[in-house]
Amino acid sequence: MTSTADAGQTGFTLDRFAQHPFYLEVNKRLVALTQLAKGQRVVDLGAGTGAVTKLIAQAVANDGAEVIAVEPSETAIEVAQRNLEEFRGAVVRFIEGGAEMLTQLVKKPVDAVFFCNAIHLVPEKDHVLHEIQQTLREDGTFSFNTSFYMGAEPPEAEQFYRKWMIKSLRVLKKEYGLSPDKTRAEARHRLTEDEYVALLLSNGFKVRDKEVVKVQMPLSGFEAISQYSLWIEGVLPGVPLEAGAHALTEGARLAFEELGITESPRNWLLVVASRA
Ligand SMILES: C[S@@+](CC[C@H](N)C(=O)[O-])C[C@H]1O[C@@H](n2cnc3c(N)ncnc32)[C@H](O)[C@@H]1O
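Everything in the sequence shown is counted per this note's numbering, starting at 7 for the first residue and increasing by one.
Take a look at the structure:
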């Protein structure tokens, strides 16, 4: 388990962000678009702390229903297990591992695979899509959403994002004497909508539904994402998590204050594909 794959480093999980109503809404919308049936077997890849796992389990709850949550971070799995311990109606299993080895982890074909808010983290997307394709039954569906693609930041929000970063960097320098280590920035190339579609087509899928949902994020949403390890490492590479979290939280607050805004928009791309 590498630290970059670890969503669950103590105190720096996605859990706080995942409680926000707008986050629940984009994930609920993806589950609704997928049109799951009761009693199905579903994989939730990159399940994190289980926010989407629960929505899927509610949608399939019935005899025979099973949700297999696959997640590389042991700590995130522990939080997810706690978040789902009261849930009844479907069997929920947790498997520690990455999307790259899905066919080794889940051997019996499943009805649907979800990969929520995580596909952008995977460098080997062709390989992972092949693994997903092999894990699905004929006509099975693959659903994903992401807010890290080219187009996630709407033009009207560019000023906010620029200010947020400038102010965070200033706080980091002034209060900690630190700057991000640009040489450690992972080359996380953001794909466009069209590139995601092309990737699906070339890996044996056809696109059934595709939507862009514009979400209005309040300051508390930006403060919560500022406490998440993968976000901090992505925007402030090489900076200790505590310093990064403080700088980003303060930066967001100052940017909101200076612009006199109460929310800022962000786009989520939602895609449901099926085996061609
Ligand atoms: C932003 S969280 C999303 C969690 C959950 N799916 C949700 O939507 O709330 C991204 C998750 O992807 C996981 N992840 C990172 N690399 C992965 C990989 N190669 N395969 C599967 N999951 C991965 C991280 O550990 C993290 O839990």
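Even for Gly, the Cβ is constructed at its ideal location relative to N, Cα and C.
Taking a cut-off of 8 Å on C-beta distances, the region 94-105 does not touch the region 163-177, as fewer than three cross pairs fall below it. Counting along the chain, the unbroken beta strand (DSSP E) around T147 starts and ends at 142-152.
Uninterrupted beta strand (DSSP E) stretches at least 3 residues long and entirely within the region 97-176 occur at 97-102, 116-122, 142-152, given in chain order. Minimum Cα-Cα distance from D145 among the listed residues P243, T189, R196, F211 corresponds to F211. Leaving aside the five residues that flank E199 on each side, the residues in its chain whose CB is nearer than 7 Å to its CB run, in chain order, Y155, G157, L275. DSSP places R47 inside the beta strand (DSSP E), whose first and last residues are 47-51.
Short of 8 Å from the beta carbon of T55, and not among the five residues preceding or following it, lie these beta carbons of its own chain, in chain order: A13, G14, T19, L20, D21, A24, A82, V85, A86, N89. In this structure, ligand 1 has a non-hydrogen atom nearer than 6 Å to the beta-carbon of G52. The C-beta separation of V49 from T141 comes to about 7 Å, placing the pair in contact by the 8 Å criterion.
For V128, the shortest C-beta to heavy atom distance toward ligand 1 is below 6 Å. At a cut-off of 6 Å, the beta-carbon of V37 does not count as near ligand 1: no heavy atom of the ligand is closer than that.
In the DSSP assignment, P27 falls within the alpha helix (DSSP H) that extends over 27-40. In chain order, Y167, R272 place their CB closer than 7 Å to the CB of E159, counting only its own chain and leaving out the 5 sequence neighbours on each side. Every beta strand (DSSP E) stretch that sits fully inside the region 204-229 and reaches 3 residues is listed by chain position as 211-224.
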